[in-house]
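Novice:
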Amino acid sequence: MFIHNKQYFAFNIWDQDSIKSVIDAAQKCSHDIILQTSSRIFEKMEWKLIREFVTDYSNRAGIKAYLHLDHCRDIELIKTAVDNKWDSVMIDASHLPLEENIAITNQVCDYAHPKGVLVESEVGQIQGVEDDIVSDKAGIADMEDIRRFLNNTNTDTFAAAIGTCHGLYKSTPNIRYDIIEQIGKITDKPFVVHGGSGLTDMDFKKLLSYGNVRKINISTELKQAYRMGILNAEEKGFLKSVGFDVSKVKDEIHHAIQKTAEHKLGLLDKEKNYE
Ligand SMILES: [Zn+2]
Numbered sequence: 458m459f460i461h462n463k464q465y466f467a468f469n470i471w472d473q474d475s476i477k478s479v480i481d482a483a484q485k486c487s488h489d490i491i492l493q494t495s496s497r498i499f500e501k502m503e504w505k506l507i508r509e510f511v512t513d514y515s516n517r518a519g520i521k522a523y524l525h526l527d528h529c530r531d532i533e534l535i536k537t538a539v540d541n542k543w544d545s546v547m548i549d550a551s552h553l554p555l556e557e558n559i560a561i562t563n564q565v566c567d568y569a570h571p572k573g574v575l576v577e578s579e580v581g582q583i584q585g586v587e588d589d590i591v592s593d594k595a596g597i598a599d600m601e602d603i604r605r606f607l608n609n610t611n612t613d614t615f616a617a618a619i620g621t622c623h624g625l626y627k628s629t630p631n632i633r634y635d636i637i638e639q640i641g642k643i644t645d646k647p648f649v650v651h652g653g654s655g656l657t658d659m660d661f662k663k664l665l666s667y668g669n670v671r672k673i674n675i676s677t678e679l680k681q682a683y684r685m686g687i688l689n690a691e692e693k694g695f696l697k698s699v700g701f702d703v704s705k706v707k708d709e710i711h712h713a714i715q716k717t718a719e720h721k722l723g724l725l726d727k728e729k730n731y732e
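Below is the structure:
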């Protein structure tokens, strides 16, 4: 199981160009990565083509890029990802009562595991907006719920509310490192941090100092980088109707996304000091 031996950043992608930008960053930094999509983006994708493209492009780059379907509540969609050789899938039933969450998570494990696909799950709902999945419940996952969930599911990895949030932060998040530490004491299962966009480098360094943190998700920040790429193109005059240059605009976007991903991947290098 790939996630058992190291720590990863998981970047949300939406098309082949964004895949290229992130894989180029991974190649430059010599780190393997996870490429993930929300359910909404996944639904619109040409699955076979994307699977082949990711495998081919990452092979050429000399790094591993794993494909993950993030935050999915639709079992049929999860099966589609499994059948199209995605490397892992996330069943998000954290909004349901714990017993139902356990049952649905196991149902997904029963389908995915025989096909060699990893399952991520969530216990204790993470705040913010991810696609149309909205959570406005301020909350921190309950340790007893986490314990019961882990004792009763076959999930490979899991996420829990620790004070991080999807989307952009309105105020400084209060990350509950103590929960991560407690989780590390009760299980060897890899822990996934959602809501990585907007955290400081020091936050990431601290998160990565916990060995059970194996996957940190970056979504909003890459979309902001895309936007910055367009703004940079405008500032350089590439969007003027006379002299409008598609390839130069694309290059600015590519560059902005690649740099953002490279900066995050650099945080995995222990010798670099960000204090
Ligand atoms: Zn998430």
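Under this note's numbering, residues 458 to 732 are what the sequence shown spells out, in order.
Just so it is clear, CB atoms sit at the ideal spot from N, CA and C, and this is done for glycine as well.
Since the model is a prediction, treat every value here as computed from it, not as a measurement.
1. For Val699, count neighbouring Cβ atoms within 10 angstroms of its own Cβ and tell me buried if that reaches 16, exposed if not.
2. With the cut-off set at 8 Å, would you say Lys580 and Asp549 are in Cβ contact?
3. How many Å lie between His525 and Gly573 at the Cα?
4. Cβ-heavy atom distance between Asp527 and ligand 1 below 7 Å?
5. Counting pairs of Cβ atoms below 8 Å between the region 648 to 663 and the region 611 to 628, do you hit three or more?
6. Less than 7 Å between the CB of His461 and some heavy atom of ligand 1, yes or no?
7. My assumption, with CB atoms under 8 Å, is that Tyr634 sits in contact with Gly655. Please give the rounded CB distance.
8. Would you say the beta carbon of Ile491 comes nearer than 7 Å to a heavy atom of ligand 1?
9. Considering only heavy atoms of ligand 1, does any lie closer than 7 Å to the CB of Asn558?
10. Quick one: complete beta strand (DSSP E) runs, 3+ long, within the region 646 to 672?
11. Rounded to whole angstroms, what's the CA-CA distance from Lys680 to Leu724? Just pull it up for me.
12. In whole angstroms, what is the alpha-carbon distance linking Lys521 and Tyr465?
13. Do you know whose CA, among Ala538, Lys662, Ser628, lies nearest Arg497's CA?
14. Would DSSP call Asp593 helix, strand or coil?
15. Give the straight-line distance between the Cα atoms of Ile559 and Thr494, rounded to the nearest whole angstrom.
16. Within a Cβ cutoff of 7 Å, which residues of the same chain sit near Arg508, ignoring the five residues on either side of it in sequence?
17. Using CA atoms only, rank isn't needed, just tell me which of Asp658, Ile491, Lys501 is closest to Lys721.
18. For a test of your reading of the model: does the CB of His651 fall under 7 Å from any non-hydrogen atom of ligand 1? Yes or no.
19. Can you give the Cα-Cα distance for Thr717 and Asn516, rounded to whole angstroms?
20. Please classify Asn469: is it buried, with 16 or more other beta-carbons within 10 angstroms of its beta-carbon, or exposed?
21. Taking 7 Å as the line, does the beta carbon of Ile597 fall inside it for any heavy atom of ligand 1?
22. Tell me whether the beta-carbon of Glu404 lies closer than 8 Å to the beta-carbon of Gly686.
23. To test your reading of the DSSP string, which unbroken alpha helix (DSSP H) runs of 4 or more residues are found completely within the region 548 to 623?
24. Pull up the distance between the alpha-carbon of Val479 and that of Lys672, whole angstroms please.
25. Using C-beta distances below 8 Å, list every residue in its chain close to Phe610, excluding the 5 sequence neighbours before and after it, in chain order.
26. Taking just the CA atoms, how far does Tyr683 sit from Asp593?
Specialist: Looking at the atomic coordinates:
1. exposed
2. Checking the sequence, you will find Val at residue 580 rather than Lys. No, the Cβ-Cβ distance between Val580 and Asp549 is not below 8 Å.
3. Here the alpha carbons of Gly573 and His525 stand approximately 13 Å from one another.
4. For Asp527, the Cβ falls inside the 7 Å cut-off from some heavy atom of ligand 1.
5. yes
6. No; taking the cut-off as 7 Å, the Cβ of His461 has no heavy atom of ligand 1 nearer than that.
7. Their Cβ separation, rounded to whole angstroms, is 17 Å, which puts Tyr634 and Gly655 out of contact at 8 Å.
8. no
9. no
10. Entirely contained in the region 646 to 672, the beta strand (DSSP E) runs reaching 3 residues are, in chain order, 648 to 650.
11. 20 Å
12. Going by the C-alpha atoms only, they are around 11 Å apart.
13. Ala538
14. Low confidence applies here, because Asp593 scores a pLDDT of 49, under 50, leaving its location unreliable; read the following figure in that light. If DSSP states are grouped into helix, strand and coil, Asp593 belongs with coil.
15. 23 Å
16. Short of 7 Å from the beta carbon of Arg508, and not among the five residues preceding or following it, lie these beta carbons of its own chain, in chain order: Leu524, Asn541, Lys542.
17. Asp658
18. yes
19. When rounded, the distance between both Cα atoms is 22 Å.
20. buried
21. It does not: the Cβ of Ile597 is nowhere closer than 7 Å to a heavy atom of ligand 1.
22. Given that the chain is displayed from residue 458 to residue 732, the structure contains no residue 404 and the question cannot be resolved.
23. Runs found: 555 to 569, 600 to 609.
24. 16 Å
25. Note that residue 610 is Thr in the sequence shown, not Phe. For Thr610, where only same-chain residues beyond five positions count, the Cβ hits under 8 Å are Ile559, Thr562, Asn563, Cys566, Ser578.
26. Low per-residue confidence applies at Asp593: pLDDT is 49, beneath 50, and the placement is therefore not dependable, though the value from the model is reported in the following sentence. Spanning the two alpha carbons is a distance of roughly 27 Å.
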